[in-house]
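Everything below concerns the one structure shown next.
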Amino acid sequence: MTIQLSPTQRTILETAANRDNLQIMPLPTNNPSWGFWGTSRHNGYDQEMTWLAASHFFANSYNLDAQDTRDLLDSVFGRHLADDLSFIEGGPATPEAITDHLAKRMANRSYKSWIDDAVHAIQHPTR
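Be aware that the sequence shown starts at 1231, since it is given in the numbering used here, and climbs by one per residue.
Have a look at this one:
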């Protein structure tokens, strides 16, 4: 699956990447039915925009590479994260709204701990 970006979406991503020195281009989902992508679709969100905004946020916040970022969003964590975007007043209509929401969530100790655990599970899988 390849994410086709509109010119506007590419501009948003490139602007954000330049602003925050994002070193990765987000990979497309491997879990189009569930995870963050599928849940975003199910919830009626703009999948491409929410995927790019969340990828950008987590890659920068946790210094994740493209594969770890994709794996995080494709996980059960990603599904719950997409559901959490429903708490954004007016919905996840812009990358800025998503980034602001996630930054506020990160300020909550228990929420940040949940994210930290999900990132750790992606970076250090047990088999």
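Built from N, CA and C at the ideal position, the CB exists for glycine as well. Keep in mind it's a predicted model, so treat the numbers as computed, not measured.
Do you know how far the Cα of residue j is from the Cα of residue i?
i: L1303; j: L1257; result: 10 Å
i: R1174; j: Q1277; result: No answer is possible for residue 1174: the residues shown for the chain start at 1231 and end at 1357.
i: D1347; j: P1355; result: 11 Å
i: R1309; j: S1340; result: 18 Å
i: T1280; j: R1357; result: 31 Å
i: I1352; j: W1264; result: 17 Å
i: N1338; j: I1345; result: 11 Å
i: V1306; j: H1350; result: 14 Å
i: Y1275; j: G1320; result: 12 Å
Sorted by chain position, which residues of the same chain lie with C-beta nearer than 7 Å to residue i's C-beta, five sequence neighbours on each side aside?
i: A1283; result: P1325, I1328, T1329
Under a three-way DSSP split, which group does residue i fall into?
i: H1354; result: coil
i: L1282; result: helix
i: E1326; result: helix
i: G1274; result: coil
i: S1263; result: coil
i: G1321; result: coil
i: A1312; result: helix
i: N1290; result: helix
Output needed for residue i: all residues of its chain with C-beta closer than 6 Å, excluding positions within five of it in sequence on either side, in chain order.
i: F1287; result: T1329, L1332
i: K1342; result: M1336
Might you give, ordered along the chain, the residues of its own chain that have their beta carbon closer than 8 Å to the beta carbon of residue i, omitting 5 neighbours on each side?
i: R1300; result: P1256, L1257, P1258, T1259, N1260, S1285
i: D1295; result: I1254, A1289
i: Q1297; result: L1257
Compare the Cα-Cα distances from residue i to each of the options and report the closest residue.
i: N1273; options: A1296, A1351, F1317, I1345; result: F1317
i: F1266; options: A1323, G1320, A1351, A1312; result: A1312
i: T1269; options: E1319, D1314, I1352, Y1292; result: D1314
i: K1334; options: Q1297, V1306, S1291; result: S1291
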